[in-house]
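Asks: The sequence shown begins at 560 in this note's numbering and counts up by one. Yeah, the Cβ is synthetic: ideal placement off N, Cα and C, and Gly gets one too. What follows is a single structure, and I will ask about it in a moment.
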Amino acid sequence: MRLSRFFLPILKENPKEAEIVSHRLMLRAGMIRQQAAGIYSFLPLGKRVLDKVCGIIREEQNRSGAVELLMPTIQSADLWRESGRYEAYGKEMLRIEDRHERDLLYGPTNEEMITDIFRSYVRSYKDLPLNLYHIQWKFRDEVRPRFGVMRSREFLMKDAYSFDVDFDAAQTAYHRMFVSYLRTFARCGLKAIPMRADTGPIGGNLSHEFIILASTGESEVFCHRDFLDLAVPGEDVDFADAVSLASVVKTWTTPYAATDEMHDTAAWEALPEGERVAARGIEVGHIFYFGTKYSEAMNAVVTGPDGKDTPVHMGSYGIGPSRLIAAIIEASHDEAGIVWPKSVAPFDVGLINMKPGDADCDAACETIYRELEASGIDVLYDDQETRAGAKFATMDLIGLPMQVIVGPRGAKAGEAEIKVRATGERETIPLGSVVARVSA
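This is the structure in structure tokens:
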């Protein structure tokens, strides 16, 4: 993509309304624009990152055996009345009425709708286990939206829902999602720690929040130092092996870890002082097992092996991709701007033409640009006639993992400069070696 043809509205000054790093950098880098309190447009650069994050989430959900569908944002209030949550949910739910005076709502979550879909088609335990997920916009009318997309009113959510015939099968489904989440966050460049958590209005009695440690976190968290060195399961993890999954979950839940709401002071103080980590944390995912809470209320039953009807056991598993972007920035930035992990960067490399109009520069950059694209490398080519300082500042701000810099002298000598954004490391290489170096 040529920068001259891309829409990248960079802000030079720090926005006054931005209280935390991610909000400030997302606005400055032209990733988002606020349309109303807690409601944002994702501009092209931000949309590219959002797509990368959603792609990783999809791959890991599919790997675990979950099946994607898509449910509407607008839901019937009647479904929520069946479950008993319509009045109980509170003012965070946006309630609306259509022209026929039917009560509707902008979905804050989808337990009721997915239960209705399930009960309409599934009749036998032989059709289980089943895990259905979607990635859809949600709305919760936060009383005080703040921190940009970290706590917004409209947000993108991946929510998955598992259906099983009994508790043991449901627990294995929970373990699948637990392991899938560990892999998802690791692939996004994050060290996420699963912590015992309150289930809130969704209900249930088994719940973990996945937390990354960050000074701007919304809540205080407590964990054992061992979590910082635990290895995340690899691509070869077998999601069909219940025993193996349970072992991974045990490893990741044995050391102490809890959010402030679930904190056990006595257990915490029993740990050696040098092994305690008390910090602020950002929630990037939340998983629940809530048993038959919804299936009983909404008559979602299957015929069991004994021929009797039994309510299915359910779980709910959420990741907010839009919120996750902010969390990644909070965990990976410096004074110059964002430092994207390669897996979620909007472009793989930034190509900087230091002097557009110079014949040698133009020729070298055009060749590199074509070769990078032909190799499947996503490149943002700065072909604009702006000052060198502005070019460098923009590339550092938007945080692409690698920069290829071509100036008149280098082009004449057949050389380009490579800069690694995360470390600042620079090296000069022959023009013909650029594609191989970027691909390495």
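#1: Assign T674 to buried or exposed, taking buried as 16 or more other Cβ atoms, counted over all protein chains shown, within 10 Å of its Cβ.
#2: Candidates E646, D723, Y680 and M590: which alpha carbon is nearest T869's?
#3: On the DSSP bridge list, what partners appear for E656?
#4: Between L689 and the ligand SAH, is the CB less than 6 Å from at least one heavy atom?
#5: What distance in whole Å lies between the Cβ atoms of V903 and V612, which are believed to be in contact at a cut-off of 8 Å?
#6: Which whole-angstrom value describes the C-beta separation of A817 and M754, a residue pair presumed to lie in contact below a C-beta threshold of 8 Å?
#7: Just tell me which of T953, S881, E627 and A975 has its CA closest to the CA of D919.
#8: What first and last residue would you give for the alpha helix (DSSP H) that runs through W899?
#9: Classify A751 as buried or exposed, calling it buried when 16 or more other Cβ atoms lie within 10 Å of its own Cβ.
#10: Keeping to the same chain, check which residues put their C-beta closer than 6 Å to that of Y740; ignore five residues upstream and five downstream.
#11: I want to know whether the segment 954-968 touches the segment 905-921 - three or more CB-CB distances under 8 Å.
#12: Please tell me whether R882 and V608 are closer than 7 Å, where the distance is taken between their beta carbons.
#13: Which residues in the same chain have their Cβ closer than 7 Å to the Cβ of F786, if we skip the five residues on either side of it in sequence?
#14: Tell me the residue span of the beta strand (DSSP E) that contains T812.
#15: Tell me which residues share the same chain as S934 and place their Cβ nearer than 7 Å to its Cβ, disregarding the 5 neighbours each side in the sequence.
#16: Out of curiosity, what's the CA-to-CA distance linking N621 and H693?
#17: Just to confirm before moving on: does the CB-CB distance between G589 and I616 stay below 7 Å?
#18: May I ask you to list the residues that DSSP assigns as paired with W696?
#19: Locate the beta strand (DSSP E) running through A783, then write down its first and last residues.
#20: Given a cut-off of 7 Å, decide if D795 and S803 are closer than it, judged by their beta-carbon atoms.
#21: Taking the C-alpha atoms as reference points, what is the distance between R699 and I655?
#22: In whole angstroms, give me the CA-to-CA distance for L687 and G983.
#23: Which same chain residues end up closer than 6 Å to W639 when comparing Cβ atoms and leaving out the 5 residues on each side of it in sequence?
#24: Taking the alpha-carbon positions, what's the D942 to S563 distance?
#25: Please go through the segment 849-923 and give each complete beta strand (DSSP E) segment of 3 or more residues, from N-terminal end onward.
#26: Alpha carbon to alpha carbon, how far is A859 from K685? Give it in angstroms, no decimals.
#27: Just mark G597 as buried or exposed, buried being the case when its beta carbon has 16 or more other beta carbons within 10 Å.
#28: Let me know if I633 comes out buried or exposed under the rule of 16 or more other beta-carbons within 10 Å of its beta-carbon.
#29: Going by C-alpha distance, which of F601, S581 and Y720 is nearest G624?
#30: The alpha helix (DSSP H) spanning S642 covers which residue range?
#31: Starting from Y733 and walking both ways along the alpha helix (DSSP H), at which residues does that stretch end?
#32: Reducing DSSP to helix, strand and coil, say where D823 ends up.
#33: Within 10 angstroms of its Cβ, does P704 collect 16 or more other Cβ (buried), or is it exposed?
Replies: Let's see:
#1: Within the sequence shown, the letter at position 115 stands for residue 674. Its Cβ being crowded by 16 or more others within 10 Å, T674 is buried.
#2: On the sequence shown, residue 869 is found 310 positions in, with the first residue counted as 1. Closest by alpha carbon: D723.
#3: Within the sequence shown, residue 656 is the residue found at index 97, counting from 1. Its beta-bridge partners are D662.
#4: The ligand SAH is absent from the structure shown, which contains no ligands of any kind.
#5: Counting from 1 along the sequence shown, the entry for residue 612 is found at position 53. Counting from 1 along the sequence shown, the entry for residue 903 is found at position 344. With 8 Å as the limit, V612 and V903 qualify as a contact, their Cβ atoms being about 6 Å apart.
#6: Residue numbering aside, residue 817 sits at position 258 when the sequence shown is read from its first letter. Residue numbering aside, residue 754 sits at position 195 when the sequence shown is read from its first letter. Right, their Cβ atoms sit about 5 Å apart.
#7: If you number the sequence shown from 1, residue 919 lands on position 360. It is A975 whose Cα lies nearest to the Cα of D919.
#8: Start at 1 with the first residue of the sequence shown, and residue 899 comes out as number 340. Run containing W899: none; DSSP gives neither H nor E here.
#9: What you label residue 751 is simply residue 192 of the sequence shown in a count that begins at 1. Under this definition A751 is a buried residue.
#10: In the sequence shown, residue 740 corresponds to position 181, counting from 1. Cβ within range, chain order: F769 and G844.
#11: yes
#12: As a position in the sequence shown, residue 882 is number 323, starting the count at 1. As a position in the sequence shown, residue 608 is number 49, starting the count at 1. Their beta carbons are not under 7 Å apart, which means R882 does not touch V608 by this criterion.
#13: On the sequence shown, position 227 is the one that residue 786 refers to. Counting only Cβ-Cβ distances below 7 Å, and skipping sequence neighbours, we find I752, P814 and A816.
#14: Within the sequence shown, the letter at position 253 stands for residue 812. Not the beta strand (DSSP E): T812 falls in the alpha helix (DSSP H), residues A801 to T812.
#15: The residue labelled residue 934 in the question sits at position 375 within the sequence shown. For S934, where only same-chain residues beyond five positions count, the Cβ hits under 7 Å are V994 and S998.
#16: Reading the sequence shown from its first residue, position 62 is the one you call residue 621. Reading the sequence shown from its first residue, position 134 is the one you call residue 693. One C-alpha to the other measures close to 11 Å.
#17: If you number the sequence shown from 1, residue 589 lands on position 30. If you number the sequence shown from 1, residue 616 lands on position 57. Not a contact, by the Cβ cut-off of 7 Å.
#18: Residue 696 sits at position 137 when you count from the first residue of the sequence shown. In the DSSP output, where bridge partners are listed per residue, W696 has L715.
#19: Stepping through the sequence shown from its first residue, residue 783 is reached at position 224. Here the sequence assigns His to residue 783, which means Ala is not the residue at that position. Unbroken beta strand (DSSP E) run through H783: S778 to H783.
#20: Mapped onto the sequence shown, residue 803 falls at position 244. Mapped onto the sequence shown, residue 795 falls at position 236. Cβ distance not < 7 Å, so S803 and D795 don't count as in contact.
#21: Along the sequence shown, one-based indexing puts residue 699 at 140. Along the sequence shown, one-based indexing puts residue 655 at 96. One C-alpha to the other measures close to 13 Å.
#22: For this step, residue 687 is matched to residue 128 along the sequence shown. For this step, residue 983 is matched to residue 424 along the sequence shown. Rounded to the nearest angstrom, the two C-alpha atoms are 52 Å apart.
#23: Residue mapping note: residue 639 aligns to position 80 of the sequence shown, counting from 1. Counting only Cβ-Cβ distances below 6 Å, and skipping sequence neighbours, we find Y645 and E671.
#24: Taking the first residue of the sequence shown as 1, we reach residue 942 at position 383. Taking the first residue of the sequence shown as 1, we reach residue 563 at position 4. Straight-line Cα distance between these residues: approximately 6 Å.
#25: 860-862, 868-870, 872-878 and 908-912
#26: Position 126 of the sequence shown, counted from the first residue, corresponds to residue 685. Position 300 of the sequence shown, counted from the first residue, corresponds to residue 859. If you take the alpha carbons of K685 and A859, they lie about 15 Å apart.
#27: Numbered from its first residue, the sequence shown carries residue 597 at position 38. Counting Cβ neighbours within 10 Å, G597 comes out buried, since at least 16 surround it.
#28: Numbered from 1 along the sequence shown, position 74 holds the residue referred to as residue 633. Answer is exposed; the Cβ neighbour count stays below 16.
#29: The residue labelled residue 624 in the question sits at position 65 within the sequence shown. Comparing Cα-Cα distances from G624 to each of F601, S581 and Y720, the minimum goes to Y720.
#30: On the sequence shown, residue 642 is found 83 positions in, with the first residue counted as 1. Run containing S642: A636 to S642, per the alpha helix (DSSP H) assignment.
#31: Stepping through the sequence shown from its first residue, residue 733 is reached at position 174. Counting along the chain, the alpha helix (DSSP H) containing Y733 begins and ends at F726 to R746.
#32: For the purposes of this step, residue 823 is identified with residue 264 of the sequence shown, where counting begins at 1. Correct three-state label for D823: coil.
#33: Position 145 of the sequence shown, counted from the first residue, corresponds to residue 704. By the neighbour-count rule (16 or more Cβ atoms within 10 Å), P704 is buried.
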